[in-house]
Amino acid sequence: MNMEDVEAFRKAQRADGPAAVLAIGTATPPNSIEQSSYPDYYFRITNSEHKAELKEKFKRMCEKSMIRKRYMYLTEEILKENPNVCAYMAPSLDARQDMVVVEVPKLGKEAASKAIKEWGQAKSKITHTPLLHHQRRGHARRRLPTH
Numbered sequence: 008m009n010m011e012d013v014e015a016f017r018k019a020q021r022a023d024g025p026a027a028v029l030a031i032g033t034a035t036p037p038n039s040i041e042q043s044s045y046p047d048y049y050f051r052i053t054n055s056e057h058k059a060e061l062k063e064k065f066k067r068m069c070e071k072s073m074i075r076k077r078y079m080y081l082t083e084e085i086l087k088e089n090p091n092v093c094a095y096m097a098p099s100l101d102a103r104q105d106m107v108v109v110e111v112p113k114l115g116k117e118a119a120s121k122a123i124k125e126w127g128q129a130k131s132k133i134t135h136t137p138l139l140h141h142q143r144r145g146h147a148r149r150r151l152p153t154h
């Protein structure tokens, strides 16, 4: 393949003009708890209610935050099935990653469906799908071509 062919091939894959965001879709996990109830919930599920001073400090932090509702995948049933997730310094990374690998794509699909519906065009007209996944301890970003 000569350079002219390579350039023609590359040009065919690029847009001719500026990019535009045509729709934004969001999705949240199915479970939620009011921020005002979260300290009691958290200390109950982690069997830490005896740490009253720490719980009061956490309550003050929650009251001062601008968060009103927390969305989460975890339920008390899931936590009972995976006790290491609630135990201090217990090995829980594998269990957490196993949950993320299954649940994050579901949320991505839901958000994409909402965005496509809002956009109102055929799926075949999509050229790129940016995806942002945010977790408490970090960010993972991807830009996925659709071809």
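Anchor point for the sequence shown: position 2 equals 9 in my numbering, and the numbering is continuous, going up by one each time.
By construction, the Cβ of each residue, glycine as well, lies at the ideal position given by its N, Cα and C atoms.
Around the Cβ of residue i, are there at least 16 other Cβ atoms within 10 angstroms (buried) or fewer (exposed)?
i    : result
P98  : exposed
R149 : The predicted model places R149 with a pLDDT of 43, which falls under 50 and marks its position as unreliable, so this point remains unresolved.
P37  : exposed
P90  : exposed
P46  : buried
Tell me the DSSP bridge mates of residue i?
i   : result
R77 : I40
T82 : DSSP output for T82 lists no bridge partner at all.
What do you reckon, are the CB atoms on residue i and residue j nearer than 7 Å?
i   : j    : result
E41 : K76  : yes
Y78 : S39  : yes
A30 : E117 : no
Y80 : E110 : yes
Can you tell me the Cβ-Cβ gap for residue i and residue j, rounded? I've got them flagged as a contact below 8 Å.
i   : j    : result
G32 : A122 : 3 Å
Measuring CA to CA, which of the options is closest to residue i?
i    : options                  : result
I69  : Y49, A15 and K113        : At residue 69 the sequence reads Cys, which differs from the Ile that was named. Answer by Cα proximity: Y49.
D23  : T134, R67 and H57        : T134
E83  : A26, K130 and R51        : R51
K62  : S44, T136 and G127       : S44
L139 : K130, E56, G115 and S131 : G115
N54  : P25, E11 and V92         : V92
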